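J.: Take a look at this one; I'll ask things after.
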Amino acid sequence: MKICVTSQGDNLGSLVDPRFGRCQYFIIVDPDTLEFEAVRNPSVSVGGGAGIQAGQLMTNKGVEVVLTGNVGPNAFATLQAAGVGIITGISGKVCEAVENYKKGKHQSTGGPTVNRHFGIKEGG
Amino acid sequence: MIISVASGKGGTGKTTVATNLALSIENNIQFLDCDVEEPNAHIFLTPRIKEKYPVSIPIPQIDLSKCNFCGRCAQICAYNALAVLKDKVLVFPELCHGCGACSYLCPQGAIKETNKVIGYVEAGQRGNIEFIHGLLNIGEAMAPPLIRAVKKKAQEQRSMPLTTVIDVPPGTSCPVIESVKNSDFCILVTEPTPFGLNDLMLAVQTLKELKIPFGVVINRSDLGDKGVDDYCRKEQIPVLLRIPFKKEIASAYSKGIPLVEALPQYKSEFKHLFATIKCNISQT
């Protein structure tokens, strides 16, 4: 199984990036083996549609669950249509997020948690 | 002759300058309100609207019986308006610019285009002013196609070489470029504050890139600091007019009364502004 944690850096010790579509890295990790791939987000500074691109990337990579801070409406729609689980409100280190996920501490999100273009205002 | 009125910063007085300039020109003129997201010039010019028609952009419609989910359309879409999932294709119409690349390049011929109405063009008249504006539907993000439609309408109606005044949206992004494009002169309205100066500098860079001659109008000129004046002097940008911060001006504005009607002494100021611009254009 593959899950994805949005990250500010390229490894499991990095901090979770609170933005989905405009995070710095996607850490795609197998929670059991902790084998991971760090994908630099190509859409950090696109004008629009970053969340859709990120959702598309998750589908292409076969990710089943996304752990992040917030998702916007278009990202939510894309992930939901793709059948990818969405867990928001995540912070701390990427490895901690994965551990907590394995322990079943997280609940999935029922809808978008921020408005579109939220990630642009966040800076970074 | 096309004179556009832009600003960089919002709320500096573009519409005040554009409408009062229009009302101070005696010959037949065209007035275009290209601030299609929030058009408000009609409040001051009160034209009788004679014509209204919708403006559409083409958006993709996917034929799922032909689609093999290859993902080509999502890859080539420059605006990320498409997502191709395992057995679904999502279209985000509000991100689509209507460029047609997806339908043109779909290997399966599975995409056809349907028209989506994004807003309306309205045209009318007030005395010697031929009035045209665009009204972008609420929630739509794509102003440029509607601005193009407003300008196309103006082009069709422009019978002889007459003056066109364009009220431009704030900022320096695509809708601004679309609005000021092909202008003979651009008036940049600003205010003497650090915010006004910052956005004026951005607008100046934009116009230099577009090679459109420009000058500055300083609104609420007796407030704030000397930053805008210093900048204009250093850059040799002409300051064409100063409008003071006056309660009577604000009060007339709040009632939708044009400045030149509430305080007729300003009519000569705007006539002078027009003459200065004409002189500026003939020199270049």
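Chains V and R, in that order, give the protein sequences.
In our numbering, each number is its position in the first sequence, counted from 1, plus 3.
In our numbering, each number is its position in the second sequence, counted from 1, plus 860.
Backbone N, C-alpha and C define an ideal beta-carbon position, used for all residues, glycine too.
Keep in mind that this is a model prediction, so the values were computed, not measured.
(1) Tell whether a beta-carbon distance below 8 Å holds between E1000(R) and H993(R).
(2) With distances taken between CB atoms, is the gap from N44(V) to F121(V) smaller than 8 Å?
(3) Which same chain residues end up closer than 8 Å to G95(V) when comparing Cβ atoms and leaving out the 5 residues on each side of it in sequence?
(4) Which whole-angstrom value describes the C-beta separation of T1050(R) and T872(R), a residue pair presumed to lie in contact below a C-beta threshold of 8 Å?
(5) Identify the continuous alpha helix (DSSP H) that holds R932(R) and give its terminal residues.
(6) Along chain V, which residues have their Cβ under 9 Å away from the Cβ of K946(R)?
(7) Is there contact here, the region 1090-1100 of chain R with the region 1111-1124 of chain R, by at least three beta-carbon pairs under 8 Å?
(8) Check the C-beta distance from I93(V) over to T71(V) and give it rounded, since I have them as a contact under 8 Å.
(9) Nearest CA to the CA of P914(R): which residue from P920(R), A938(R), N997(R), N1042(R)?
(10) Mind checking which residues open and close the alpha helix (DSSP H) that includes G994(R)?
(11) Kindly indicate if chain R contains any beta-carbon less than 8 Å away from that of A80(V).
(12) Measuring straight from C-alpha to C-alpha, what distance separates K1131(R) and I917(R)?
(13) Which residue wins for smallest C-alpha separation from V1064(R), given the options G931(R), Q968(R), K869(R)?
(14) Mind checking which residues open and close the beta strand (DSSP E) that includes T36(V)?
(15) Would you kindly work out how many angstroms separate the C-alpha atoms of N62(V) and C98(V), rounded to a whole number?
(16) In chain R, what lies closer than 7 Å to I55(V) by C-beta?
(17) By the criterion of Cβ-Cβ separation under 8 Å, what are the contact partners of A49(V) in chain R?
(18) Cβ of A1003(R) within 8 Å of Cβ of V896(R)?
(19) Using the DSSP secondary-structure output, state which residues sit across from P967(R) in a beta bridge.
(20) Do you know offhand how far I1037(R)'s Cα is from I863(R)'s?
(21) Counting only runs of 3+ residues fully inside the region 879-967 of chain R, write out the beta strand (DSSP E) ranges in chain order.
(22) Quick one: which chain V residues come within Cβ less than 8 Å of L955(R)?
(23) Which residues in chain R sit within 9 Å of G2(V), going by Cβ to Cβ distance?
(24) Ends of the alpha helix (DSSP H) at A1135(R)?
(25) On the three-state DSSP scale, how would you describe D1027(R)?
(26) Anything in chain V within Cβ reach of A934(R), meaning under 7 Å, just list it in chain order.
(27) Just mark Y964(R) as buried or exposed, buried being the case when its beta carbon has 16 or more other beta carbons within 10 Å.
(28) Where does R1080(R) sit, in a helix, a strand or coil, going by DSSP?
(29) Going along the chain, which residues of its own chain have a beta-carbon closer than 7 Å to the beta-carbon of S1081(R), five neighbours each way excluded?
(30) For L924(R), which of Q1017(R), L950(R), A938(R), F904(R) has the nearest alpha-carbon?
(31) Pull up the distance between the alpha-carbon of G65(V) and that of E973(R), whole angstroms please.
(32) Please state whether the Cβ-Cβ distance between F29(V) and G54(V) is less than 8 Å.
(33) Name the DSSP bridge partner or partners of T974(R)?
(34) With distance defined between alpha-carbon atoms, name the residue in T9(V), D33(V), N103(V), R25(V) nearest to G51(V).
T.: A quick look at the data gives this:
(1) Numbered from 1 along the second sequence, position 140 holds the residue referred to as residue 1000(R). Numbered from 1 along the second sequence, position 133 holds the residue referred to as residue 993(R). Not closer than 8 Å, so no.
(2) The residue given as residue 44(V) occupies position 41 in the first sequence. The residue given as residue 121(V) occupies position 118 in the first sequence. No, Cβ-Cβ distance for N44(V) and F121(V) is not below 8 Å.
(3) If you number the first sequence from 1, residue 95(V) lands on position 92. Contacts found: L18, V19.
(4) Along the second sequence, read from residue 1 onward, the residue named residue 1050(R) stands at position 190. Along the second sequence, read from residue 1 onward, the residue named residue 872(R) stands at position 12. The pair is a contact, with the Cβ atoms about 5 Å apart (cut-off 8 Å).
(5) Sequence index remark: in the second sequence, residue 932(R) carries index 72 (1-based). R932(R) -> alpha helix (DSSP H) spans 932-936.
(6) Taking the first residue of the second sequence as 1, we reach residue 946(R) at position 86. Taking the beta carbon of K946(R) as reference, the chain V residues within 9 Å of it are T62, A85, G86, listed in sequence order.
(7) No, because fewer than three Cβ pairs between the region 1090-1100 of chain R and the region 1111-1124 of chain R fall closer than 8 Å, the two stretches do not touch.
(8) Indexing the first sequence from 1 puts residue 93(V) at position 90. Indexing the first sequence from 1 puts residue 71(V) at position 68. With 8 Å as the limit, I93(V) and T71(V) qualify as a contact, their Cβ atoms being about 6 Å apart.
(9) For the purposes of this step, residue 914(R) is taken as the residue at position 54 of the second sequence. Out of P920(R), A938(R), N997(R), N1042(R), N997(R) has the C-alpha closest to the C-alpha of P914(R).
(10) Stepping through the second sequence from its first residue, residue 994(R) is reached at position 134. Note, G994(R): premise wrong, no alpha helix (DSSP H); beta strand (DSSP E) at 989-996.
(11) One-based indexing of the first sequence puts residue 80(V) at position 77. Yes, A80(V) counts as interfacial toward chain R.
(12) Residue 1131(R) sits at position 271 when you count from the first residue of the second sequence. Residue 917(R) sits at position 57 when you count from the first residue of the second sequence. Taking the straight line joining both Cα atoms gives about 39 Å.
(13) Looking up residue 1064(R) in the second sequence gives position 204. The residue with the shortest Cα to Cα distance from V1064(R) is K869(R).
(14) Taking the first sequence and counting its residues from 1, the one referred to as residue 36(V) is at position 33. T36(V) -> no beta strand (DSSP E), and no H or E assigned at all.
(15) Within the first sequence, numbered from 1, the residue matching residue 62(V) stands at position 59. Within the first sequence, numbered from 1, the residue matching residue 98(V) stands at position 95. Residue identity differs from the one stated: residue 62(V) is Thr in this sequence, not Asn. Looking at the two C-alpha atoms, the distance is approximately 22 Å.
(16) The residue labelled residue 55(V) in the question sits at position 52 within the first sequence. Taking a Cβ-Cβ threshold of 7 Å, the residues of chain R close to I55(V) are N940, A943, F952, in chain order.
(17) The residue given as residue 49(V) occupies position 46 in the first sequence. Rather than Ala, the amino acid found at residue 49(V) in this sequence is Val. Here the neighbours are N940.
(18) If you number the second sequence from 1, residue 1003(R) lands on position 143. If you number the second sequence from 1, residue 896(R) lands on position 36. Contact check for A1003(R) against V896(R) passes: the beta carbons are separated by less than 8 Å.
(19) Position 107 of the second sequence, counting from 1, holds the residue named residue 967(R). DSSP lists no partner for P967(R).
(20) Start at 1 with the first residue of the second sequence, and residue 1037(R) comes out as number 177. Start at 1 with the first residue of the second sequence, and residue 863(R) comes out as number 3. Answer to the nearest angstrom: the Cα atoms are 14 Å apart.
(21) Taken in chain order, the complete beta strand (DSSP E) segments of 3 or more residues contained in the region 879-967 of chain R are 889-893, 908-922, 942-944, 949-951.
(22) In the second sequence, residue 955(R) corresponds to position 95, counting from 1. For the C-beta of L955(R), the chain V residues within less than 8 Å are, from N- to C-terminus, G51, G52, I55, N77.
(23) The requested residue 2(V) is not part of the displayed model; chain V covers only 4 to 127.
(24) What you label residue 1135(R) is simply residue 275 of the second sequence in a count that begins at 1. First-last of the alpha helix (DSSP H) with A1135(R): 1126-1143.
(25) The residue given as residue 1027(R) occupies position 167 in the second sequence. Here D1027(R) sits in strand by DSSP.
(26) Translated into positions along the second sequence, residue 934(R) becomes position 74. Correct list: Q59.
(27) By one-based count along the second sequence, residue 964(R) stands at place 104. Y964(R) is exposed by the Cβ-count criterion.
(28) For this step, residue 1080(R) is matched to residue 220 along the second sequence. In the three-state DSSP reduction, R1080(R) falls in the coil class, being neither helix nor strand.
(29) The residue labelled residue 1081(R) in the question sits at position 221 within the second sequence. Cβ neighbours of S1081(R) beyond the five flanking positions: P1052, R1102, I1103, P1104.
(30) Residue mapping note: residue 924(R) aligns to position 64 of the second sequence, counting from 1. Shortest Cα-Cα distance from L924(R) to any of Q1017(R), L950(R), A938(R), F904(R) involves L950(R).
(31) Here residue 65(V) refers to the residue found at position 62 of the first sequence. Here residue 973(R) refers to the residue found at position 113 of the second sequence. The alpha-carbon atoms of G65(V) and E973(R) are separated by roughly 30 Å.
(32) Residue mapping note: residue 29(V) aligns to position 26 of the first sequence, counting from 1. Residue mapping note: residue 54(V) aligns to position 51 of the first sequence, counting from 1. Their beta carbons are not under 8 Å apart, which means F29(V) does not touch G54(V) by this criterion.
(33) Your numbering for residue 974(R) matches position 114 in the second sequence. T974(R) is bridged to I919(R).
(34) Indexing the first sequence from 1 puts residue 51(V) at position 48. Selected option, being the one with the closest Cα: R25(V).
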